[in-house]
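Trainee: Residue numbers (our numbering): 1429 to 1722.
Each residue gets a CB set at the ideal place from its N, CA and C atoms; glycine is no exception.
Quantities reported herein were computed from a predicted structural model and do not represent experimental measurements.
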Amino acid sequence: MTARIIDGKVIASELRARVAAEVARVQREHRLTPGLAVVLVGSDPASQVYVRSKHKQTQEAGMASFEHVLPADVAQADLLALIARLNRDPAVHGILVQLPLPKSIATETIINAIDPAKDVDGLHPNNAGRLAGGFAALSPCTPLGCIILTKSVHASLEGMNAIVIGRSNLVGRPLVQLLLNENATVTIAHSRSRDLASLCARADLVYAAVGKPEMVRGDWIKPGATVIDVGINRLPAADGKTRLVGDVAFQEVSEVAGAITPVPGGVGQMTVACLLVNTLRAACAIHGLPKPAV
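(1) Just to confirm the assignment, what range does the beta strand (DSSP E) spanning Asp1657 have?
(2) Check whether the Cβ atoms of Ser1567 and Pro1528 lie closer than 7 Å to each other.
(3) Return yes when the Cβ of Val1451 is within less than 7 Å of the Cβ of Asn1706, no when it is not.
(4) Keeping to the same chain, check which residues put their C-beta closer than 6 Å to that of Gln1776; ignore five residues upstream and five downstream.
(5) Looking only at its own chain, which residues have a Cβ that is under 6 Å from the Cβ of Thr1537, when we skip the five neighbours before and after it?
(6) Regarding Thr1670 and the ligand MN, is the C-beta to nearest heavy atom distance less than 6 Å?
(7) What does DSSP give as the partner residues of Ala1687 in its beta bridges?
(8) What is the rounded straight-line gap between the Cα of Cys1628 and the Cα of Val1655?
(9) Can you have a look at His1521 and say buried or exposed, based on whether 16 or more other CB atoms are within 10 angstroms of its CB?
(10) State yes or no: is the C-beta of Gly1436 within less than 7 Å of the C-beta of Gly1639?
(11) So which of Pro1692, Asp1632, Pro1651 and Glu1683 has the shortest CA-CA distance to Asp1657?
(12) Go ahead and pull the three-state DSSP assignment for Ser1682.
(13) Among residues of its own chain, excluding the 5 on either side of Thr1670, which ones have a beta-carbon nearer than 8 Å to its beta-carbon?
(14) By a C-beta neighbour count over all protein chains shown, 10 Å radius and 16 as the cutoff for buried, is His1552 buried or exposed?
(15) What number of angstroms, rounded off, separates the C-alpha of Val1438 from the C-alpha of Asn1611?
(16) Should Lys1546 be labelled buried (16 or more other beta-carbon atoms within 10 Å of its own) or exposed?
(17) Mind checking whether Ala1701 and Arg1444 have CB atoms under 7 Å apart?
(18) What do you reckon, are the CB atoms on Leu1608 and Pro1571 nearer than 7 Å?
(19) Using a 10 Å radius around the Cβ and a threshold of 16 neighbouring Cβ atoms, would you call Arg1516 buried or exposed?
(20) Count the other C-beta atoms from every protein chain shown that fall within 10 angstroms of the C-beta of Ser1626, then say buried if there are 16 or more, exposed otherwise.
(21) Within this structure, are the beta carbons of Ala1711 and Pro1462 separated by less than 7 Å?
(22) So the beta strand (DSSP E) Arg1671 belongs to, where does it begin and stop?
(23) By the three-class DSSP mapping on this structure, what secondary structure does Gly1639 have?
(24) Could you tell me which residues DSSP puts in a beta bridge with Pro1528?
(25) Measuring straight from C-alpha to C-alpha, what distance separates Leu1508 and Ala1583?
(26) Since Ala1636 and Val1676 should fall inside the 8 Å C-beta cutoff, what is the C-beta to C-beta distance between them, to a whole number of angstroms?
(27) Quick one: which unbroken alpha helix (DSSP H) runs of 4-plus residues sit fully inside the region 1510–1590? Chain order, please.
(28) Would Val1447 and Ala1489 be called neighbours here (beta carbons separated by less than 7 Å)?
(29) If you reduce the DSSP assignment to three classes, tell me which class Glu1457 lands in.
(30) Just tell me which of Asp1543, Val1469, Ser1475 and Cys1574 has its CA closest to the CA of Pro1530.
(31) Is the beta carbon of Gly1716 sitting closer than 7 Å to the one on Val1681?
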């Protein structure tokens, strides 16, 4: 058996098209243009690529895009002052501070300074707490993308056994809450869990977000399970360059699983698309409009 490849590129493209249609409707009916502000501190090459991609896709969806690039040695007080300005700016409905930040800046302090209504990364304690309580909240983009990818295979996740490997605030923990909201039965595991292979073997849905290259092996997987690989790891390649691999040993797992996301071309494609979803939702919520149909 060879697993069905879940094409994140196609699914993300369809989602962006639905967002663009809803943005056009909101502009037409309410004269509202959702706006996203992205703040980049320093010149990390990977972060620069992400920010360029976000800027391009935001504009393509018909939204306003505001970029703020600050030097790596910016004072924390100056970054907080910028966030305070963006919190007050009526044209800005979503604020994203690109992580990681330089060590001289307290990440938690910066996240806590963002207005929760504009926290399109879903990391503010208010949003994290609401999500944990089962209330409406802005959810982190990558876990949201994982759920959408899973639902491209299974219309309903109700009653399914899911395992999330990884407990980060960015992916693992919020993904558990989103799966619970879908009425799945969820196990959260991590690199120190005992007998991880046997925990995985019971799961209908496997989410690998642990940051260890090709850690999840083929003999861990229940035949026919759906495997969502969140990991992005660089390994040396034969030609002296590097290659991208996930947290899942793709070749051997795809011989057992029913469906699997590739790396690249899987979850990563969904993250920016879900950022656009969150910005549109935030704009509608801030203006007291009904939740958009995305």
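Mentor: In this structure, then:
(1) Indexing the sequence shown from 1 puts residue 1657 at position 229. Its beta strand (DSSP E) spans residues Thr1654 to Asp1657.
(2) Residue numbering aside, residue 1567 sits at position 139 when the sequence shown is read from its first letter. Residue numbering aside, residue 1528 sits at position 100 when the sequence shown is read from its first letter. Contact: no.
(3) Looking up residue 1706 in the sequence shown gives position 278. Looking up residue 1451 in the sequence shown gives position 23. No.
(4) Nothing about residue 1776 can be read from this structure; the chain reaches only from 1429 to 1722.
(5) The residue labelled residue 1537 in the question sits at position 109 within the sequence shown. Correct list: empty, nothing qualifies.
(6) With respect to small molecules bound, the structure shown includes none, and the ligand MN cannot be examined in it.
(7) By one-based count along the sequence shown, residue 1687 stands at place 259. Partner(s): Arg1432 and Thr1654.
(8) Working through the sequence shown from its first residue, we reach residue 1628 at position 200. Working through the sequence shown from its first residue, we reach residue 1655 at position 227. Straight-line Cα distance between these residues: approximately 10 Å.
(9) Indexing the sequence shown from 1 puts residue 1521 at position 93. It is buried - the Cβ of His1521 has at least 16 other Cβ atoms within 10 Å.
(10) What you label residue 1436 is simply residue 8 of the sequence shown in a count that begins at 1. What you label residue 1639 is simply residue 211 of the sequence shown in a count that begins at 1. No, these two residues do not count as a Cβ contact at 7 Å.
(11) Here residue 1657 refers to the residue found at position 229 when the sequence shown is read from its first residue. Looking at the Cα atoms, Pro1692 is the closest of the given residues.
(12) Stepping through the sequence shown from its first residue, residue 1682 is reached at position 254. Ser1682: helix per DSSP, three-state reduction.
(13) Here residue 1670 corresponds to residue number 242 of the sequence shown, with the count starting at 1. Correct list, in chain order: Arg1662, Leu1663 and Pro1664.
(14) Here residue 1552 corresponds to residue number 124 of the sequence shown, with the count starting at 1. With 16 or more other Cβ atoms within 10 Å, it is buried.
(15) Locating residue 1438 in the sequence shown gives position 10, counting from the first residue. Locating residue 1611 in the sequence shown gives position 183, counting from the first residue. The straight-line gap from Cα to Cα measures roughly 27 Å.
(16) Taking the first residue of the sequence shown as 1, we reach residue 1546 at position 118. Lys1546 comes out buried.
(17) Sequence index remark: in the sequence shown, residue 1701 carries index 273 (1-based). Sequence index remark: in the sequence shown, residue 1444 carries index 16 (1-based). Yes, these two residues count as a Cβ contact at 7 Å.
(18) Taking the first residue of the sequence shown as position 1, residue 1608 is located at position 180. Taking the first residue of the sequence shown as position 1, residue 1571 is located at position 143. Their beta carbons are not under 7 Å apart, which means Leu1608 does not touch Pro1571 by this criterion.
(19) Walking along the sequence shown from the start, residue 1516 turns up at place 88. By the neighbour-count rule (16 or more Cβ atoms within 10 Å), Arg1516 is not buried but exposed.
(20) Against the sequence shown, residue 1626 aligns to sequence position 198. Answer is exposed; the Cβ neighbour count stays below 16.
(21) As a working mapping, residue 1711 is identified with position 283 in the sequence shown. As a working mapping, residue 1462 is identified with position 34 in the sequence shown. Going by C-beta atoms, Ala1711 is nearer than 7 Å to Pro1462.
(22) As a first step, residue 1671 is located in the sequence shown; it is residue number 243 there, counting from the start. Note, Arg1671: beta strand (DSSP E), Thr1670 to Val1673.
(23) Mapped onto the sequence shown, residue 1639 falls at position 211. Coil.
(24) For the purposes of this step, residue 1528 is identified with residue 100 of the sequence shown, where counting begins at 1. Answer by DSSP bridge pairing: none, since Pro1528 is not bridged.
(25) Taking the sequence shown and counting its residues from 1, the one referred to as residue 1508 is at position 80. Taking the sequence shown and counting its residues from 1, the one referred to as residue 1583 is at position 155. For Leu1508 and Ala1583, the distance between alpha carbons rounds to 42 Å.
(26) By one-based count along the sequence shown, residue 1636 stands at place 208. By one-based count along the sequence shown, residue 1676 stands at place 248. That pair is a contact at about 5 Å.
(27) 1535–1541, 1553–1560 and 1569–1579
(28) Here the question's residue 1447 lines up with position 19 in the sequence shown. Here the question's residue 1489 lines up with position 61 in the sequence shown. Yes. Within cutoff.
(29) Position 29 of the sequence shown, counting from 1, holds the residue named residue 1457. DSSP places Glu1457 in helix when its eight states are reduced to three.
(30) Working through the sequence shown from its first residue, we reach residue 1530 at position 102. Minimum Cα distance to Pro1530 is reached at Val1469.
(31) Your numbering for residue 1716 matches position 288 in the sequence shown. Your numbering for residue 1681 matches position 253 in the sequence shown. No, the Cβ-Cβ distance between Gly1716 and Val1681 is not below 7 Å.
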